[in-house]
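Shown next, in structure tokens, is the structure this report addresses.
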Amino acid sequence: MTSVRSVDRLSAAEAADVLALATAAEAADGVYPLSEDVVLRVRGGGSPAAHTHLLSFAGDRLAGYAFLERDGSGELVVHPDQRRRGHGTALLAAAGAGPLRFWAHGDEAGARAFAEKNGFERVRVLWQMRRSLTEPLPDIPLPAGVTVRAFRPGADEQAWLGVNSRAFAHHPEQGRWTLDDLQLREAEPWFDPAGFLLAVDVQDTVLGFHWTKVHPAAGADPAIGEIYVLGVDPAGHRRGLGAALSVAGLRHLADQGLTVANLYVDESNSAAVALYRRLGFAVYKTDINYLRP
């Protein structure tokens, strides 16, 4: 029998069960079903007033999980052994009758069929792009009067949040980051301020940034360096700064001995896609955002 429970914050045991379910889904599908932000919330980060966790059970066993923001956006995953038994439908019903927007990581046939069956339409495509770091990088100098330095925890947060919000004013996720979102990541084991590059002018005003992240090797997969977030303040834009920052961050990753770099970019962001293609990136994986009006 399927039952669904809604909670604002998961217990430690519930969080462990959700992450174990996600790992089982990754083993079956070849792609991890939860985003970094959702994993942070599963672990207890952020304000519980901003989101809901939905848990679907087969008896006393966790069979499905959905994360739901107050604006109706979220993610949903069902254990591979419990699919086609009504858990996904039950989670959607528990999410409510209003508009819903869910990410599907990997452009999988099963997710497409489930989305179509439940009245969702494909509205957004997010590409993961990759390139080798063993291939030469182009020489792209910084604009005159601009230098690059490392982020200073405890000093640069507000300046960075201001540039980030302006650079991503129209981005549905990145543009709404708060100090809490930033500090959650500063507390993560992977955070390294040396790889969080800020472009500044002679007054030390932040003009742009390239925040890199290193994913450790896992199994047969090598460690990967990521262009985690790259942005330029439109109020103080310097021609060529985005490209120069891209290369500066990639050189930082290559200098650490990494051989592969990745990034995430919206398919519709033609300017960013063109830049990354010029830098040698190619599409590696696709995530899909589905909307139920």
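When we follow numbering that gives the first Met the number 0, the leftmost residue of the sequence shown carries the number 0, and every step to the right adds one. Just so you know, even glycine gets a beta-carbon here, dropped at the ideal spot from N, CA and C. This structure is a prediction, so every number in the text was calculated from the model and none was measured.
Residue nearest to A12 within the set V76, A103, Q157, L54 is L54 (criterion: CA-CA distance).
Residue pairing from DSSP places W126 in a beta bridge opposite V264, T285. In the structure shown, F66 adopts extended strand secondary structure according to DSSP, grouped into three states. In this structure the segment 206-214 lies against the segment 232-241, because at least three pairs of beta carbons, one per stretch, are closer than 8 Å.
For the 9 Å CB-CB criterion, L181 and R148 do not form a contact.
As the crow flies, the alpha-carbon of Y289 is around 17 Å from that of Y263. C-alpha of L91 to C-alpha of V6: approximately 15 Å in a straight line. Boundaries of the alpha helix (DSSP H) harbouring S245: 240-254, taken from the DSSP string. Burial state of S245 is buried, judged by a 10 Å Cβ sphere holding 16 or more other Cβ atoms. R123 and F66 have their C-alpha atoms roughly 19 Å apart. Counting of Cβ neighbours within 10 angstroms places L9 among the buried residues, the total reaching 16 or more. The segment 160-210 contains, as complete alpha helix (DSSP H) runs of 4+ residues, the segments 178-185 (chain order). A Cβ-Cβ distance of about 7 Å is found for the pair K284 and G105, placing them in contact under the 8 Å criterion.
The segment 127-136 and the segment 36-56 do not touch, with fewer than 3 CB-CB distances between them shorter than 8 Å. Between G248 and E25, the alpha-carbon positions lie close to 29 Å from each other.
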